[in-house]
Amino acid sequence: DMAMLGCACDATGCTDTVDTVDWSTPDFPEELDDVSVQLDPAATDNDVLTNWCATPATETYGAMGRRGTPGAPNALCNPPASVVINEVNANITNSCDLIELRVTNSGSMGGFELFERGSSIFTFPTGFNVVTNDIIVVHIDRGDSRCYGGAAAPADETMAVNEVPASAESANYDTAFDLWSNDSGLTSTDNVFWVQDSAGTIIDGLCASDDVTGTAASGSEAAAAILVGTTPPGWVQTTMVASGETAFVDDHFNRNAAQDLNATGIDATGESIQRNTNVDNNDRNDWVQAAQSWGTLNAGQTAL
121 DMAMLGCACD ATGCTDTVDT VDWSTPDFPE ELDDVSVQLD PAATDNDVLT
171 NWCATPATET YGAMGRRGTP GAPNALCNPP ASVVINEVNA NITNSCDLIE
221 LRVTNSGSMG GFELFERGSS IFTFPTGFNV VTNDIIVVHI DRGDSRCYGG
271 AAAPADETMA VNEVPASAES ANYDTAFDLW SNDSGLTSTD NVFWVQDSAG
321 TIIDGLCASD DVTGTAASGS EAAAAILVGT TPPGWVQTTM VASGETAFVD
371 DHFNRNAAQD LNATGIDATG ESIQRNTNVD NNDRNDWVQA AQSWGTLNAG
421 QTAL
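The numbering used here numbers the first residue of the sequence shown as 121 and each following residue consecutively.
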């Protein structure tokens, strides 16, 4: 139940103790067959037993596939998750808009941020951990009681999808983590959304518009330039620049954006724009307008 590193040691102990780890307390990770327990490489104190974890399932060695990293650096106990923007409705009455994210790889979302036109509209809390196929619904306009109908805004769900059940808060979805943004409402003409991880790296984005032609807002154009400029590109043009056009400006922005941002339902039960497949091509063809599916997979998607 204890490991000790020291100098001048014998059966009775060590004259000089360099380091000791006591794993006899309940805070230490549960012992599992063929799974080593490791210190998170981001940790600075091995006496804090919550800095230890079972070696992640991705880290195996030997013919039997035991979990561990002997002779190699430890993997992060809880690496960043991978997520995609999965569904959007920016057209709901009273700006009670919705953005849904889908988890494509398990991990931590602590410190992730959701952006609209280059401005952060929600930061995910520290300790928010998710698994593949989890769904997250970000509700917009926490400050407007018309969006939830109660005297106080619902608490964010960070531990379980039914932490605040729909029976207690009718706006919530019992099959999704429901979180609430203080943003006062999404723009439903032309827009750019993205999600970035805690290191500030954009991991998914969406350019959307209300028409295939016309002037695009400068905020959308500036955000599109950032999204398109990520590596790999966070959004890809499917229609090339025509003579006299500038990439992702005005007509070119609109033609390459997912369509019908302003033609969705005016409440959460109406149609939304949503992904229609598991494949993420980062272009407008990934998206359709269809019957809403908040908290569940969209039509055309399957569990990963």
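Ideal placement from N, C-alpha and C gives every residue a C-beta, glycine not left out.
Just so it is clear, the structure is predicted and the values come from calculations on it, not from any experiment.
Report task. Could you check which residue in Thr178, Asp324, Gly334 and Gly364 has the C-alpha nearest to that of Asp406? Result -> Asp324
Query raised in the report: Since Gln158 contacts Thr189 with CB under 8 angstroms, what's their CB separation in whole angstroms?
Result: 7 angstroms
**Report entry** N- and C-terminal bounds of the alpha helix (DSSP H) containing Leu347
**Finding:** Ser338 to Val348
Requested in this report: Give a yes or no on contact between the region 358-378 and the region 263-280, applying the rule of three or more CB pairs nearer than 8 angstroms.
Outcome: no
Query raised in the report: In terms of residue numbering, what span does the beta strand (DSSP E) encompassing Phe313 cover?
Result: Asn311 to Gln316
Query raised in the report: To the nearest angstrom, how far is it from the Cα of Val155 to the Cα of Ser144?
Result: 17 angstroms
Query - Glu151 versus Cys173: straight-line alpha-carbon distance, rounded - result: 10 angstroms
Query - Limits of the alpha helix (DSSP H) - the one that Asn206 falls within - result: First-last for Asn206: Ser202 to Asn209, but that is the beta strand (DSSP E), not the alpha helix (DSSP H).
Query raised in the report: At a cut of 8 angstroms, does the region 295-305 reach the region 319-333 through at least three beta carbon pairs?
Result: no
Query raised in the report: Helix or strand or just coil, what does DSSP make of Leu299?
Result: strand
Query - Identity of the residue in Ala319, Phe297, Cys327 and Ile322 nearest Asn311 by Cα - result: Cys327
Query - Own chain residues within Cβ distance below 6 angstroms of Val408, not counting five before or after - result: Asn396
Requested in this report: Run through the region 341-396 for me and flag every whole alpha helix (DSSP H) of 4 or more residues, listed as ranges in chain order.
Outcome: 371-375
Query raised in the report: What's the gap between the Cα of Cys216 and the Cα of Asn225?
Result: 28 angstroms
Query raised in the report: Between Val168 and Thr175, what straight-line distance do the alpha-carbon atoms span, to the nearest angstrom?
Result: 17 angstroms
Query raised in the report: How many angstroms separate the CA atom of Asp142 from the CA atom of Asp165?
Result: 13 angstroms
Report task. Sort out for me which residues DSSP pairs Glu277 with in a bridge. Result -> DSSP, once it has assigned bridges, lists no residue as partnering Glu277.
Query - 8 angstroms Cβ cutoff met for Ser318 and Gly230 - result: yes
Query raised in the report: If you draw a straight line from the C-alpha of Gly354 to the C-alpha of Asn418, how long is it?
Result: 21 angstroms
Query raised in the report: What did DSSP end up calling Asp406 once you bin it into helix, strand or coil?
Result: helix
Query - Proximity to Thr422 [Cα-Cα], best of Val223, Ser308 and Arg404 - result: Val223
Requested in this report: Please check the pair Glu207 and Gln394, which I expect to be a contact at CB under 8 angstroms, by giving their CB distance rounded to whole angstroms.
Outcome: 4 angstroms
Requested in this report: Can you check DSSP and say which residues form a bridge with Tyr181?
Outcome: Arg186
Query raised in the report: With which residues is Trp172 paired in a DSSP beta bridge?
Result: Leu159
Query raised in the report: Quick one: Cα of Pro285 to Cα of Tyr268, how far?
Result: 13 angstroms
Query - Among Met360, Val315 and Phe373, the one whose alpha carbon lies nearest that of Gly339 - result: Phe373
Report task. Tell me, please, which residues DSSP counts as bridged to Asp330. Result -> Bridge partners of Asp330: none, in fact.
Query raised in the report: Is Thr422 helix, strand or coil by DSSP?
Result: coil
Report task. Classify Thr389 as buried or exposed, calling it buried when 16 or more other Cβ atoms lie within 10 Å of its own Cβ. Result -> exposed
Report task. Report the partner residues of Glu233 according to the DSSP bridge assignment. Result -> Thr243 and Gln316
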